[in-house]
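S.K.: The structure that follows is given in the form of structure tokens.
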Amino acid sequence: MKLKGRKISGGKARGIALVSQKPLSFLGGVDPKTGVIKDTESDIKGESIKGKVLIFPRGKGSTVGSYVIYQLKKNGVAPAAIVVEEAETIVATGAIIAGIPMVDKIDISKIKTGQLVEVDADKGEVYIEE
Amino acid sequence: MYLTKEEELILAGEYGYALQKAMEILVALGEIYGADRLIPIKSAQVAGVSYKNIGDAGIEFLRDFVNSGAKVSVYTTLNPAGIGDEFFMEKQREILELYKAMGIEITSTCTPYYGANLPKFGDHIAWSESSAVIFANSILGARTNREGGPSSLAAAIVGKTPNYGLHLEENRKATVIVEVEAKLKDFADYSFLGYYLGKNLKNDVPYFKNLKPEKLDYLKELGASMAATGSIALYHVDGETPEYKYAIEDKLEKIQVEEKDLEEVKEKFKIDWSEIDAIVIGCPHASIQEVKEIAKLLKIREKPPKIPVLITASRVVKALADTLGYTEVIERYNGKIIADACLIVSPVENWHRGIATNSGKASFYFSSFGLKVRLEDTEKLILEAP
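For the record, the sequence lines run as chains A and B. Numbering-wise (this note's numbering), the first sequence opens with residue 291 and increments by one. Numbering-wise (this note's numbering), the second sequence opens with residue 22 and increments by one.
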């Protein structure tokens with residue numbers, strides 16, 4: 291299945307989907323050393339985002355979150371790609387400075403955790419392998 | 022979004038990595054928020070300075086950015102730094118050096134308008150620091166969105182910002198009328214009002230009626246408190262602020278704020294003096310008039326307070342206070358002016374358990390760190406402190 295969205299940060303990546311139904315804060319919500327979700331309010335708490343296609347409705351919290359995304363990348367524990375319903379400043383900026391492909395305007399209810407997903411951010415497209 | 026030929030080239034990487042990344046950020050934000058093009062800015066104010074806030078992640082990003090040749094192309098000033106132990110200060114110095122290497126003035130204050138960076142009416146600027154944003158929009162009539170650290174830095178490097186939000190005339194109109202029925206007599210009352218409205222209004226542009234602030238400092242605090250507890254970035258005051266005459270076009274919803282509405286905020290911050298170990302004034306950074314008032318009040322009380330009076334201010338205001346003799350008075354009375362730094366962005370919870378302040382913004386942040394907070398007016402704080 292192909293979902294059409296909008297490019298936020300260019301590039302292509304493939305990985306296992308990790309889907310959260312809740313807005314995600316990177317500052318305080320994700321451990322920059324391990325890539326594990328720490329946010330106690332998150333429905334994917336304890337999961338590692340390393341190499342995953344990380345899917346959530348939108349970002350929240352401090353604008354410093356952009357730098358946390360950058361640090362995740364430097365530490366080799368960043369997600370392979372980011373897919374959101376609505377992009378906002380924090381995550382968009384983080385994805386761009388970290389060079390992580392990112393697409394928004396995607397109906398994330400169509401994607402389930404564990405599915406293999408390919409993101410072509412330059413085309414703004416997300417392919418779910420059945 | 023429309024891009025000029027040159028902007029396209031920057032985006033394609035023809036002018037190097039730093040400019041390309043900065044342009045990518047601006048273009049993405051422009052697309053997200055529906056900008057038609059980029060517009061030139063007169064100045065930038067960059068947040069993301071304190072080591073407490075940006076941490077090693079931020080340092081790493083800034084270092085890579087500097088190494089790839091990042092330089093600002095418009096006049097740019099910085100937000101306050103943090104203070105801490107030796108390790109912290111070493112990191113803090115490193116951050117300031119990195120910003121300096123980009124050509125940024127490392128005046129570190131949330132009140133750049135008292136010194137190095139004063140925009141005029143109608144100027145397009147890209148500022149972060151929510152209290153400075155709301156001051157620039159509302160009091161000065163300059164135009165800026167509420168930028169984050171990286172987006173203001175990107176704008177400073179490119180010298181442009183996407184044309185959306187508060188850069189556009191139509192988005193600067195009032196969306197709600199606030200009739201102030203409560204009697205506001207001092208600085209702290211404006212803190213209470215701002216704290217309450219930030220919590221109760223959404224992404225609004227409030228238009229105040231019956232508000233006759235005696236001092237500019239009161240409006241500074243009103244804005245800072247609203248911006249801290251909420252997401253407000255612009256307000257108008259009937260008869261007072263530069264755009265009030267053009268701010269109302271349609272029939273707007275009205276809300277009244279009475280004494281009893283402010284009671285809840287007052288109750289929340291009534292911690293007893295026995296639990297307070299410092300007085301903090303200067304959030305946003307104090308003006309020279311505020312510093313003068315504190316010096317005067319300290320003299321009236323004769324005996325120095327047992328707990329320290331910590332005043333945060335820009336280096337500009339500190340220099341004035343030094344010259345005019347206020348610093349000397351303040352220091353004689355167990356006080357200190359801390360220049361170009363901010364306690365909210367410092368690991369203050371390691372040294373203090375309870376803080377008394379006149380600032381709604383400071384109250385909001387200190388209590389979010391788990392500190393006890395007493396919020397009342399400057400005069401009471403200084404005269405009644407143990």
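All C-beta atoms in this analysis are idealised placements derived from N, C-alpha and C, irrespective of residue type, glycine included.
1) B:Ile198 by DSSP, collapsed to three states: which one?
2) DSSP state of A:Met392, grouped into three classes?
3) With a threshold of 16 other CB atoms inside 10 Å of the CB of B:Thr25, please say whether the residue is buried or exposed.
4) Report the option in B:Thr262, B:Asp259, B:Gly34 and B:Ala195 whose CA atom is closest to the CA atom of B:Ile253.
5) Assuming B:Ser403 is part of the alpha helix (DSSP H), what are its boundary residues?
6) Using a Cβ-Cβ cut-off of 6 Å (strictly less than) and excluding sequence neighbours within five positions of B:Ala78, which residues of its own chain qualify?
7) Going by beta carbon distance, what residues of the same chain come within less than 6 Å of B:Pro325, once the five residues before and after it are set aside?
8) Going by the CB atoms, is the gap between A:Ala370 and A:Met392 shorter than 8 Å?
9) B:Ala334 to B:Arg395, Cα distance in whole Å?
10) Tell me, please, whether the CB atom of A:Pro347 is closer than 8 Å to any CB atom in chain B?
11) Quick check for students: name the residue ranges of the beta strand (DSSP E) that lie wholly in the region 303-368 of chain B, counting only runs of 3 or more.
12) Out of B:Ala203, B:Tyr211 and B:Arg193, which has the shortest C-alpha to C-alpha gap to B:Asn224?
13) In chain order, which alpha helix (DSSP H) runs of at least 4 residues are fully inside the region 74-162 of chain B?
14) DSSP three-state label for A:Gly384, please.
15) Is B:Glu409 close to chain A, meaning its C-beta is less than 8 Å from at least one C-beta of that chain?
16) Does DSSP put A:Ile418 in a helix, in a strand, or in coil?
17) In three-state DSSP terms, what is B:Tyr72?
18) Comparing alpha-carbon positions, which option in B:Ala299, B:Ile198, B:Thr132 and B:Ala153 lies nearest B:Leu331?
19) Under a CB-based cut-off of 8 Å, is A:Gln361 close to chain B?
20) Is B:Ser94 close to chain A? Criterion is C-beta to C-beta, closer than 8 Å.
21) Between the region 112-132 of chain B and the region 89-101 of chain B, can you find at least three pairs of beta-carbon atoms closer than 8 Å?
22) Going by alpha carbons, who is nearest to A:Leu362 out of A:Ile380, A:Glu419 and A:Val320?
23) Mind reading off the beta-carbon distance from B:Gly244 to B:Phe142? Whole number of angstroms is fine, and I expect it under 8 Å.
24) Can you tell me whether B:Tyr185 is buried or exposed, with buried defined as 16 or more other CB within 10 angstroms of its CB?
25) Can you grab the Cα-Cα spacing for the pair B:Ser64 / B:Asp361, in whole Å?
26) My output table needs one value for B:Leu174: the three-state DSSP class, helix, strand or coil.
27) Note down, in chain order, every chain A residue with its Cβ under 8 Å from the Cβ of B:Phe156.
28) So, under 8 Å CB-CB, B:Phe290 and B:Ser380 are touching, yes? Tell me the CB distance rounded to an integer number of Å.
29) Based on the DSSP output, what are the partners of A:Phe346 in its beta bridges?
M.R.: Quick answer:
1) Here the question's residue 198 of chain B lines up with position 177 in the second sequence. Looking at B:Ile198 - three-state DSSP - the assignment turns out to be strand.
2) Reading the first sequence from its first residue, position 102 is the one you call residue 392 of chain A. In this structure, A:Met392 counts as strand in the three-state DSSP scheme.
3) Here residue 25 of chain B refers to the residue found at position 4 when the second sequence is read from its first residue. Exposed, because fewer than 16 other Cβ atoms sit within 10 Å of the Cβ of B:Thr25.
4) Position 232 of the second sequence, counting from 1, holds the residue named residue 253 of chain B. Closest option to B:Ile253, Cα to Cα, is B:Ala195.
5) As a first step, residue 403 of chain B must be located in the second sequence, where it is residue number 382. The question names Ser, but residue 403 of chain B in the sequence shown is Ile. For B:Ile403, the enclosing alpha helix (DSSP H) covers residues Thr399 to Glu405.
6) Along the second sequence, read from residue 1 onward, the residue named residue 78 of chain B stands at position 57. Excluding residues within five positions, none has a Cβ falling inside 6 Å.
7) Here residue 325 of chain B corresponds to residue number 304 of the second sequence, with the count starting at 1. Only Tyr354 and Asn355 meet the Cβ criterion.
8) Along the first sequence, read from residue 1 onward, the residue named residue 392 of chain A stands at position 102. Along the first sequence, read from residue 1 onward, the residue named residue 370 of chain A stands at position 80. In this structure, A:Met392 lies away from A:Ala370, with their beta-carbon atoms at least 8 Å apart.
9) Mapped onto the second sequence, residue 334 of chain B falls at position 313. Mapped onto the second sequence, residue 395 of chain B falls at position 374. If I take the Cα positions, the gap works out to 20 Å.
10) Counting from one through the first sequence, the residue named residue 347 of chain A turns up at place 57. Judged by the 8 Å Cβ criterion, A:Pro347 is not in contact with chain B.
11) 330-334 and 356-360
12) For the purposes of this step, residue 224 of chain B is taken as residue 203 along the second sequence, with counting starting at 1. Residue B:Arg193 is the option with its Cα nearest to B:Asn224.
13) 107-122 and 151-156
14) Residue numbering aside, residue 384 of chain A sits at position 94 when the first sequence is read from its first letter. Annotated three-state conformation of A:Gly384 is helix, per DSSP.
15) Residue coverage of chain B in this structure runs from 22 to 407, which leaves residue 409 of chain B outside it and unanswerable.
16) As a position in the first sequence, residue 418 of chain A is number 128, starting the count at 1. In the displayed model, A:Ile418 falls within a strand according to three-state DSSP.
17) Taking the first residue of the second sequence as position 1, residue 72 of chain B is located at position 51. Here B:Tyr72 sits in helix by DSSP.
18) Taking the first residue of the second sequence as position 1, residue 331 of chain B is located at position 310. When only C-alpha atoms are compared, the closest one is B:Ala299.
19) On the first sequence, position 71 is the one that residue 361 of chain A refers to. By this cut-off, A:Gln361 is an interface position.
20) If you number the second sequence from 1, residue 94 of chain B lands on position 73. B:Ser94 does not count as touching chain A.
21) yes
22) Numbered from 1 along the first sequence, position 72 holds the residue referred to as residue 362 of chain A. Closest in C-alpha terms to A:Leu362, from the list A:Ile380, A:Glu419 and A:Val320, comes A:Val320.
23) Taking the first residue of the second sequence as position 1, residue 244 of chain B is located at position 223. Taking the first residue of the second sequence as position 1, residue 142 of chain B is located at position 121. The Cβ separation is near 17 Å, so there is no contact.
24) Counted from its first residue, the second sequence places residue 185 of chain B at position 164. Buried.
25) Counted from its first residue, the second sequence places residue 64 of chain B at position 43. Counted from its first residue, the second sequence places residue 361 of chain B at position 340. Using only the alpha carbons, I get a separation of about 19 Å.
26) The sequence position of residue 174 of chain B within the second sequence is 153, counting from 1. If DSSP states are grouped into helix, strand and coil, B:Leu174 belongs with the helices.
27) Here residue 156 of chain B corresponds to residue number 135 of the second sequence, with the count starting at 1. Correct list: empty, because the minimum Cβ distance to chain A is about 19 Å.
28) The residue given as residue 290 of chain B occupies position 269 in the second sequence. The residue given as residue 380 of chain B occupies position 359 in the second sequence. Actually they are not in contact, since the Cβ atoms of B:Phe290 and B:Ser380 sit about 10 Å apart, beyond 8 Å.
29) Stepping through the first sequence from its first residue, residue 346 of chain A is reached at position 56. Bridge partners of A:Phe346: A:Val374.
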